[in-house]
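**Student:** To convert, count from 1 in the sequence shown and add 237; that's the numbering used here. Ideal Cβ positions, reconstructed from N, Cα and C, are used throughout, including at glycine. Below: one structure in structure tokens.
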Amino acid sequence: MPPTPLFPAPRPSAANASRGLGPVAAALLLVAAAIAPASRAATPSELLAGYTAQAGSPPLPARGQQLFTAPHGREWSCSSCHGALPTRAGKHASTGKAIGALAPAFNAERFTDAARTEKWFRRNCNDVMGRECTAGERADVLSWLLTLKP
């Protein structure tokens with residue numbers, strides 16, 4: 238079943254015309270409605286496949302675990318907040334805010350929204366490594382997280 242669109246698709250009608258939606262604006266809204274759901278809804282496996290395709294090489298879970306637990310010349314590692322085994326809730330190292338389990342098998346909400354996943358990879362990689370993670374690094378970490386089972 239396709240995901241629910243973020244924006245209802247405009248229908249060409251007198252009502253749209255009275256709102257000032259011309260044919261170009263209506264077409265742009267249709268394109269946004271068609272693209273937005275596909276860019277948001279995801280499964281961890283779909284995200285992993287996308288990162289793997291972008292990287293051009295298969296992910297290595299052991300390399301993902303190493304990246305997750307090792308310091309990268311900054312104050313924190315990923316495990317500083319998520320725990321060495323991210324199967325339980327963690328706590329932000331600076332603010333103390335609770336963070337749900339990161340491994341998808343322990344938190345069904347993880348890695349189900351592509352935009353949210355990208356946002357947090359971008360922020361967290363910058364905090365931990367001082368740069369964005371590569372697609373290969375994202376694939377490695379996600380592949381390792383997917384090996385963690387109850």
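Considering only their Cβ atoms, is the gap separating A330 from W313 smaller than 8 Å?
**Tutor:** By one-based count along the sequence shown, residue 313 stands at place 76. By one-based count along the sequence shown, residue 330 stands at place 93. Cβ distance < 8 Å, so W313 and A330 count as in contact.
**Student:** Using 8 Å as the Cβ pair cut-off and three pairs as the minimum, do the segment 362-375 and the segment 289-301 touch?
**Tutor:** A contact exists between the segment 362-375 and the segment 289-301.
**Student:** Going by C-alpha distance, which of R353, V365 and W381 is nearest A278?
**Tutor:** The count along the sequence shown starts at 1 and reaches residue 278 at position 41. Of R353, V365 and W381, the residue nearest in Cα terms is R353.
**Student:** Note the first and the last residue of the continuous alpha helix (DSSP H) segment covering E401.
**Tutor:** Outside the shown range of the chain (238 to 387) lies residue 401, about which nothing can therefore be said.
**Student:** Just mark A345 as buried or exposed, buried being the case when its beta carbon has 16 or more other beta carbons within 10 Å.
**Tutor:** One-based indexing of the sequence shown puts residue 345 at position 108. Exposed.
**Student:** Does the separation of the CB atoms of K328 and A321 fall below 8 Å?
**Tutor:** Position 91 of the sequence shown, counted from the start, is the residue given in the question as residue 328. Position 84 of the sequence shown, counted from the start, is the residue given in the question as residue 321. Not in contact: K328 and A321 (Cβ atoms no closer than 8 Å).
**Student:** Is the beta carbon of G287 closer than 8 Å to that of W381?
**Tutor:** Counting from one through the sequence shown, the residue named residue 381 turns up at place 144. Counting from one through the sequence shown, the residue named residue 287 turns up at place 50. Not closer than 8 Å, so no.
**Student:** So what does DSSP say about A278, is it helix, strand or coil?
**Tutor:** Position 41 of the sequence shown, counting from 1, holds the residue named residue 278. Three-state DSSP puts A278 in a strand.
**Student:** So the alpha helix (DSSP H) K356 belongs to, where does it begin and stop?
**Tutor:** Walking along the sequence shown from the start, residue 356 turns up at place 119. Residues A351 to M366.
**Student:** Would V365 pass as a contact of R325 if the rule is Cβ separation under 8 Å?
**Tutor:** As a working note, residue 365 is residue 128 in the sequence shown. As a working note, residue 325 is residue 88 in the sequence shown. It is not a contact, given that the beta carbons lie outside the stated cut-off.
**Student:** For A307, is the classification buried or exposed, using 16 other Cβ atoms within 10 angstroms of its Cβ as the cut-off for buried?
**Tutor:** Taking the first residue of the sequence shown as position 1, residue 307 is located at position 70. Classification of A307: exposed, given that the 10 Å Cβ count is below 16.
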